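Shown next, in C-alpha cells, is the structure this report addresses.
There are 2 protein chains.
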Amino acid sequence: MPRLYDFLPSGNGYKVRLLLRQLGLPFELVELDITKGESRSPAYLTKNPNGRIPTLELDDGTCLAESGAILCYLAEGTRFWPADRLERAHTLQWMFFEQYSHEPYIAVVRFWRHVGRLTPRQESELPGRMAGGYQALGVMERHLTGRSFFVADRYGLADIALYAYTHVANEGGFDLGPYPAIGAWLERVAAEPGHVPISWRPGAR
Amino acid sequence: MPRLYDFLPSGNGYKVRLLLRQLGLPFELVELDITKGESRSPAYLTKNPNGRIPTLELDDGTCLAESGAILCYLAEGTRFWPADRLERAHTLQWMFFEQYSHEPYIAVVRFWRHVGRLTPRQESELPGRMAGGYQALGVMERHLTGRSFFVADRYGLADIALYAYTHVANEGGFDLGPYPAIGAWLERVAAEPGHVPISWRPGAR
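Top line first, the protein sequences correspond to chains S and E.
For the first sequence, the numbering used here puts the final residue at 1172, and the numbers step up evenly by one.
For the second sequence, the numbering used here puts the final residue at 1172, and the numbers step up evenly by one.
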C-alpha cells in the first residue's frame, strides 16, 4: 500500500488525499508536523531532498515529491487526466499557475495567520502577498465566468489543484465575496462524488 | 507555424525556445518587453490572462501559457519526455521544484539585478531570496552527485527547465563554485546537440 507523508492542514497534501479518495486507492497516512521541523529530519530528507510534504512512497520504496507530480502520476489513465493532448497541456498550465501565481500568496498568507501572530518581516510582506492573491483570484474569476470547471468543462486535476487553497482562502483573510464564479465553482467541486474535507484522514468516513 | 510570445532575457521563455530548437520545430518569435508592461496589454491578456510570457499560440489561435505546460505539450512523444510513467512523474517533480523552490529565488534576484539598482523593498528581501536560491542549489547538487542528468540519466525536460536559470545564476550574484556536480551538469547540457544560448532567436545560426 502506498504511504503518504503529509501534514493535514496543508492544501498541497490535501490535493493528493482528495484524489486518492476519489480514485478509491487505499494508502497509509504518515503525519509530519512541519511546524516542528519534522519534514527536515535526515531520515525524511532521504525521501524528499527538498524537505517538504507531501511525499508519496510506493511499495518498492520509490519516493515521489511535489503535489503536482504526484497528482499526474496517480491520475494517468483515469477520468481526472484528459485523454486529449491539448487538454492535458491546459491542465498543467493551471497546475503550474497554482504553484507559481496562487500558492505563494494565498497559501502562504493562510499559513502565516494559521500559525499565529505575524512576525515583523511577514507583516511587511503582507500587502504584496495579499495583492498577489487577489491577482490570482481575478484570473480565476475571469476564466470561470461561463465555465463549469477549469479545463474542458469537466472536473479534473486543475480543479483539485486550485480548490485546495482557494476554498480556505478566507483563513488568510481573503474575501471571496466579489468572486461569484469562483464561489459557484467551489460548490460544484465540493459536490463531486467522493469529495472529502481538508482535514480528512483515510479510515475516517 | 506556431507563434511564441517571449522576452529574450527570460529563462522561462528560453526553456521553450531551446526545446523548439532541439525538436527542429520552426516558430515565429514575437518579442514583448515585459519591463515596459507589454505583457499586460488588453490584447495580450486575451492570449494569457495572467499577463506573463512565454505564451505559445497554435495555428488555430489556441493559446498555451506556463513554460512547464508548453514544454510538456511540445515534448510528448519525443525523446525529451520519458515513456515510463514513473520517469514522467519524476520529470514533473523537478519541473514543479524549479517553479516553486528555484525560480522565485534565483530568477527573481537575477531579474532585480539585471534591471538595475535594487529598490529598498527588494534590498530587504534579498537575504531571504539568496538563502532560498542556495537551498535549491544544494538540493540540485546532492541529486546530481553521481548522476549525469536529473531523471533516468538521460537529458530531458527536467534538465531544460533547471538549466535555464541555473546557468545564469551568477548574473544574480550566486556563486556556483562550491557546486561541482552542478558545474559538470551545466557543461553536459550545453554539449547536447542543437543547444543554443539564452539570447538565441529563430533565424539566427
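Note that the Cβ used here is the ideal one computed from N, Cα and C, for glycine as well.
As the structure is a computational prediction, the values presented were derived from the model and not from experiment.
- About 7 Å separates the CB atoms of Thr1022 (chain E) and Leu1031 (chain E); that is less than 8 Å, so the two are in contact.
- When secondary structure is reduced to three states using DSSP, Tyr1122 (chain S) falls in the coil class, being assigned neither helix nor strand.
- Taking the Cβ atoms as the reference, Gly1100 (chain S) lies roughly 4 Å from Ile1073 (chain S), within the contact range of under 8 Å.
- Rounded to the nearest whole angstrom, the CA to CA distance from Phe1047 (chain E) to Gly1144 (chain E) is 29 Å.
- Against chain S, the CB of Leu1104 (chain E) has no partner CB under 8 Å away; the residue lies outside that interface.
- Contact of Gln1089 (chain S) with chain E by beta-carbon distance below 8 Å is absent, the smallest such distance being about 11 Å.
- Counting only runs that start and end inside the segment 972-1057 of chain S, the beta strand (DSSP E) elements of at least 3 residues fall at 995-998, 1022-1024, 1030-1032.
- Sixteen is the threshold: when 16 or more other Cβ atoms of the shown chains lie within 10 Å of the Cβ of Met1062 (chain E), as they do, the residue is buried.
- Against chain S, the CB of Tyr1146 (chain E) has no partner CB under 8 Å away; the residue lies outside that interface.
- Chain-ordered listing is empty here: chain E has no CB closer than 8 Å to the CB of Tyr981 (chain S), the nearest sitting near 16 Å.
- For the pair Glu1065 (chain E) and Leu1129 (chain E), the CB atoms are nearer than the 8 Å cut-off.
- Assignment of alpha helix (DSSP H) within the segment 1095-1139 of chain S, counting only whole runs of 4 or more residues, yields 1124-1133 in chain order.
- Within chain S, Pro1016 have C-beta atoms less than 7 Å from the C-beta of Arg1109 (chain E), given in sequence order.
- Distance from the CA of Glu1092 (chain S) to the CA of Phe1117 (chain S), rounded to the nearest whole angstrom, comes to 30 Å.
- For Val1156 (chain S), the enclosing alpha helix (DSSP H) stretches over residues 1147-1157.
- When Cβ-Cβ separations below 8 Å define contact, Tyr1067 (chain E) makes contact with chain S.
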